Amino acid sequence: MLYNASIKTNFNRILIYFVIFTIPALLLFNILLNEFTRLQENSVNERIKFRQKEVVETTEFHIRALFNNIYDDLNLIVNANEFEEYLANPSDYTYNQAQNMFIRVLNSKNQYIQLRYISQEGVEVIRIDRKKDLIVPVEKDELQDKTQRYYYKSLIKLGEYDLYISDFDLNIEHGRLEIPYQPVIRFAIPVFYKNTKNGFLIVNFNGFDILNLLERYEINKSQTINLSLMSKNNLITLNLLKKHNDLINSLLEPISLENTAFSKIYEQSLDNERGEFALDEKQFYFIRIMNTETPEWVFDEESDNWILISDFDSNQIQIENDNFLVVHRNIIRIISSIIIAIIILVVVTLIVLKNDDEQLLLVSSYISEVTQEGVLITDGRKKVIYCNTVFENIFGYSLQEMKGKSPDNFLKGQSEVTFNKIKNETLVWEGNIWDITSDNTYILKYLRIRMVYTRNGRIAYYIGIYSEPKIDYKDINDEFIVDHHMLGSSMNFINPIFKNKFREIEKKAVIAIRFNQFETIRSHISYDEDNALVTTISNTFQHISNAGGIILVPASGIILIVTPIEKNNSLNSLMENIDHSITSIRFRTARNISISYVSGVAVSPDHGVNGSELINNAFIALEALTKMRKSKYLVYDQDIYDLVKRDKIIKDEIESAFLNKEFSVVYQLQQNTQSLENTGVEALVRWTNPKLGFVSPNSFIPIMEESNQIVRLGKYVLSLIIDDFRKIHSKLPEGFRVSINLSSQEFNNSEIISDMIKMIDKSGIPKSLFCFEITETSIVESIDNTNMIIQELHEHNIITAIDDFGTGYSSLSYLKNIKADKIKVDRMFIKEYPLTDDGNILLSITNMIKKIPNKIIVEGVETQDQLQLIRDYDCEEFQGYFSSKPISFSEILSKMEIS
Numbered sequence: 000m001l002y003n004a005s006i007k008t009n010f011n012r013i014l015i016y017f018v019i020f021t022i023p024a025l026l027l028f029n030i031l032l033n034e035f036t037r038l039q040e041n042s043v044n045e046r047i048k049f050r051q052k053e054v055v056e057t058t059e060f061h062i063r064a065l066f067n068n069i070y071d072d073l074n075l076i077v078n079a080n081e082f083e084e085y086l087a088n089p090s091d092y093t094y095n096q097a098q099n100m101f102i103r104v105l106n107s108k109n110q111y112i113q114l115r116y117i118s119q120e121g122v123e124v125i126r127i128d129r130k131k132d133l134i135v136p137v138e139k140d141e142l143q144d145k146t147q148r149y150y151y152k153s154l155i156k157l158g159e160y161d162l163y164i165s166d167f168d169l170n171i172e173h174g175r176l177e178i179p180y181q182p183v184i185r186f187a188i189p190v191f192y193k194n195t196k197n198g199f200l201i202v203n204f205n206g207f208d209i210l211n212l213l214e215r216y217e218i219n220k221s222q223t224i225n226l227s228l229m230s231k232n233n234l235i236t237l238n239l240l241k242k243h244n245d246l247i248n249s250l251l252e253p254i255s256l257e258n259t260a261f262s263k264i265y266e267q268s269l270d271n272e273r274g275e276f277a278l279d280e281k282q283f284y285f286i287r288i289m290n291t292e293t294p295e296w297v298f299d300e301e302s303d304n305w306i307l308i309s310d311f312d313s314n315q316i317q318i319e320n321d322n323f324l325v326v327h328r329n330i331i332r333i334i335s336s337i338i339i340a341i342i343i344l345v346v347v348t349l350i351v352l353k354n355d356d357e358q359l360l361l362v363s364s365y366i367s368e369v370t371q372e373g374v375l376i377t378d379g380r381k382k383v384i385y386c387n388t389v390f391e392n393i394f395g396y397s398l399q400e401m402k403g404k405s406p407d408n409f410l411k412g413q414s415e416v417t418f419n420k421i422k423n424e425t426l427v428w429e430g431n432i433w434d435i436t437s438d439n440t441y442i443l444k445y446l447r448i449r450m451v452y453t454r455n456g457r458i459a460y461y462i463g464i465y466s467e468p469k470i471d472y473k474d475i476n477d478e479f480i481v482d483h484h485m486l487g488s489s490m491n492f493i494n495p496i497f498k499n500k501f502r503e504i505e506k507k508a509v510i511a512i513r514f515n516q517f518e519t520i521r522s523h524i525s526y527d528e529d530n531a532l533v534t535t536i537s538n539t540f541q542h543i544s545n546a547g548g549i550i551l552v553p554a555s556g557i558i559l560i561v562t563p564i565e566k567n568n569s570l571n572s573l574m575e576n577i578d579h580s581i582t583s584i585r586f587r588t589a590r591n592i593s594i595s596y597v598s599g600v601a602v603s604p605d606h607g608v609n610g611s612e613l614i615n616n617a618f619i620a621l622e623a624l625t626k627m628r629k630s631k632y633l634v635y636d637q638d639i640y641d642l643v644k645r646d647k648i649i650k651d652e653i654e655s656a657f658l659n660k661e662f663s664v665v666y667q668l669q670q671n672t673q674s675l676e677n678t679g680v681e682a683l684v685r686w687t688n689p690k691l692g693f694v695s696p697n698s699f700i701p702i703m704e705e706s707n708q709i710v711r712l713g714k715y716v717l718s719l720i721i722d723d724f725r726k727i728h729s730k731l732p733e734g735f736r737v738s739i740n741l742s743s744q745e746f747n748n749s750e751i752i753s754d755m756i757k758m759i760d761k762s763g764i765p766k767s768l769f770c771f772e773i774t775e776t777s778i779v780e781s782i783d784n785t786n787m788i789i790q791e792l793h794e795h796n797i798i799t800a801i802d803d804f805g806t807g808y809s810s811l812s813y814l815k816n817i818k819a820d821k822i823k824v825d826r827m828f829i830k831e832y833p834l835t836d837d838g839n840i841l842l843s844i845t846n847m848i849k850k851i852p853n854k855i856i857v858e859g860v861e862t863q864d865q866l867q868l869i870r871d872y873d874c875e876e877f878q879g880y881f882s883s884k885p886i887s888f889s890e891i892l893s894k895m896e897i898s
């Protein structure tokens, strides 16, 4: 810091002005902060209430879906050929067949710990147990009589379409609790044979797996919203489920719910499906889990139900508030008050001392202490008079050793040239420059040099400010650019150093290292911790510089290492040493900080000779690794270059593809399985580019989805389809549909759907000609939103199909809740038939779909055997090479004999 006698002279004036302006400013700031905090807390309270309902309703939907899936599983077992044959003709053979089928079921359902069939008289007939990792059939002489178990009394009352659901309890064998303790929930359905009730099929569901379901759908892992599952006799909270012993103890000695909020909830649930109320600073919301369709759920008592409850404590709202100002308001209040006071002090000082050049320097140096940019100040003769601590940390020189000397004694890079050659008539100079730190690290910074003049026009000071470099995207080798390049013309400084340093060394490696989320880490630590982190990383690579290599730092979070490779030292060994150096970084802060990285490598002479080429290729490998995510480092080769270059060319060519009308549409026939009549076509987009040739949709569709160009493509494809069918739609068979694939971005945006409907309206083509195909991923993002859009399409006579069914969520429960018209079964379920596939999986899927019911289209049918299989399975339509490959519109018309 610089001190001047005029400061003491004007101290009283500065103090008076400071008090006059500071007190009102701080009062106003605190009033505004308090009001802002109050509004934010009210907003958070409403947001938590909304999330509270969302947590319960989402979880309730999936618990209900789980129960219905179990019901479907039990019915599949009852209707299985092996079980029906046993009921029709009980014998050792049919018994063993049924028993083996039970074993297969338990092998495929890890959540089921016991599966059994008991007779109408309550005696176990077939039983399979899961013992740790083993599936064990119970011998006939060990089967038990269950007539005295409480649930048997409920089973005998079951109707044909009922599902019995027990309470949470511990498994009992031969009248004793099974050890180790096993919490279970029992599900059962009656078994009818020739309209006579023969017995009951019971599955014991692992009680601990309810935890997985609750945790999976707990929104945002809320710290304040508690989730509980309650029945008349039990209360299971999410925290309880996370502790094995606590859950067991609660089942051994049930918690008393009398005179609690939960008893009040239970009473309300008898008359209300859902509700909310406040009690003792807590806000409760509950839903009675119930099924409105078949099957009817049956509990042990008529008044019993499962109830899902969420609650939050209003005193804990502060935890949920994600507004930085509110969460840290007291700290913000203190820091902001200090900053306001400092700003007022600086402004007052400027006003009082505005005609004093040396005091201007004082204020500049004072401000520089609270900035994160490096500041160097020289006098008019270019002798150092001040630098801040940030500058000292960047370059490794202290003010004490530099003061009174020229910068060129220390700065051996381009700063030396800039300070010495700057013209007096230039008020400001700025640009990217390379400098060399005290430990010989080459560092790229953006330097701004400003001159401060006295009243008589003399240069009083040069002020240099060092900040992060401005990114220059000009390519090094004028052939190809990687988005992470920021070296640009600054390579004019590096190339000679590279050439001289490694003149006699044939084999050298350039390693581009990028630390993952480096700026995010720095933003979450203090100023001192940030300096310590940068220093620690710099010291980590010091051994490379000492061994004859050079270190380049072109930007925050990116390090370039140039090092010779000894003949007896492999590249793998070098990378292992670097990996060990980085992973051994130990950095102490109040937070847990993990340093990870990725790197690209180029080696001379295989991947280039000069510095520009090697650095460029190292960055190309780094860019490719970012896409591939296979390892910590990737060595450049031509295939990597081609991969990154092709992706970039695809991205660059998309705009011209639209302008030059390079996208086209082909069509694949869809036919009736029995009659082979043409029922529709699927429109498929194709792209042929002058530079790239044929571009696979698998290559360009993901890139277009990343840049949101997929919406533009969808509308363009629809316009091509409209042009094709505008004149011939009246000649098409009745019920003929043109299927169009929509991405998740398109289908889940009601405005885009509305635009497409308007395009069809304007064309004059009946909207009933169209079918919009959507993927399972688009559906599960929001079932309610999906059904709302499907309903809108139905109002316009446009049907929908779920595409590639079986490759995603594939649940009967969500199918029941989706109002789609057709289900397209993915080709993977038939492509190997009859060579290595017996068709049973396809049969299970088609049987599942028929329960909705929806029309089934099987994709990928190529042979007569495959066609006969789906005929046997009563699938309505098919698509595949058996009918036609994707062909042009004119070929489709010819194939359909339409002129």
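Once you know that position 128 of the sequence shown is 127 in numbering that gives the first Met the number 0, the rest is easy, because the numbers rise by one and skip nothing.
Glycine is no exception: its CB is placed at the ideal position from the N, C-alpha and C atoms.
Bear in mind that the values here come from a model prediction, so they are computed numbers and not experimental data.
- Boundaries for F657: no beta strand (DSSP E) harbours it, while the alpha helix (DSSP H) harbouring it runs Q637 to L658, taken from the DSSP string.
- Burial is judged here by how many other beta carbons sit within 10 angstroms of a residue's own beta carbon; S742 has at least 16 and is buried.
- Checking the DSSP bridge columns, you'll see C770 partnered with S738 and I798.
- For the pair of segments examined, the segment 188-201 was found to touch the segment 71-86: the number of CB pairs separated by less than 8 Å reaches three.
- If the five residues before and after L344 are omitted, its C-beta is found closer than 7 Å to the C-beta atoms of F17, all from its own chain and listed in chain order.
- The Cβ atoms of I759 and F769 lie closer than 8 Å to each other.
- For Y445, the uninterrupted beta strand (DSSP E) segment begins and ends at T440 to Y452.
- DSSP, read as helix, strand or coil, puts D128 in strand.
- According to DSSP, residue pairing for E275 in a beta bridge involves Y284.
- Secondary structure of G430 (DSSP, three-state): strand.
- Per DSSP, V104 is not a residue of any beta strand (DSSP E); the alpha helix (DSSP H) it occupies stretches across D91 to S107.
- Here F881 carries a coil assignment [DSSP, helix/strand/coil].
- Under the three-state reduction of DSSP output, P701 falls in the helix class.
- In the three-state scheme derived from DSSP, where H, G and I count as helix and E and B as strand, I164 is classed as strand.
- By the criterion of a C-beta distance shorter than 8 Å, K263 is surrounded in its chain by F276 and L278, once the five residues flanking it on both sides are discounted.
- When the Cα atoms are used, I817 and I782 turn out to be separated by approximately 7 Å.
- In the DSSP assignment, Q669 falls within the unbroken beta strand (DSSP E) covering F662 to N671.
- Distance check between N747 and each of D723, I789 and E83 places I789 closest, using alpha-carbon atoms only.
- Nearest to M755 by alpha-carbon distance, out of R736, Y715 and L228, is Y715.
- Among the bridge pairs identified by DSSP, K507 is matched with P563.
- Judged by beta-carbon spacing, I822 lies beyond the 8 Å limit of E772, meaning their Cβ atoms are not closer than that value.
- One thing to note: Q96 has its Cβ within 8 Å of the Cβ of Y85.
- Looking at the DSSP output, P182 shares a beta bridge with L169.
- Shown here for K404: same chain residues with a beta carbon closer than 7 Å to its own, the five before and five after excluded, namely K382 and V383 in chain order.
- DSSP places A531 in the helix class (H, G or I) of the three-state scheme.
- The DSSP-derived three-state label of I188 is strand.
- By the neighbour-count definition (other C-beta atoms within 10 Å, threshold 16), H579 is an exposed residue.
- Rounded to whole angstroms, the separation of the alpha carbons of I721 and I764 is 8 Å.
- The Cβ-Cβ distance between W305 and L228 falls below 8 Å.
- Between the alpha carbons of I520 and M827 lies a distance of about 44 Å.
- Here the segment 694-710 makes no contact with the segment 866-873; the two share fewer than three CB pairs at distances below 8 Å.
- For A682, the uninterrupted beta strand (DSSP E) run begins and ends at N677 to N688, by DSSP.
- DSSP, read as helix, strand or coil, puts Q790 in helix.
- If you look at Q113, you'll find it in the beta strand (DSSP E) that goes Y111 to S118.
- In the DSSP assignment, E745 falls within the alpha helix (DSSP H) that extends over S743 to F746.
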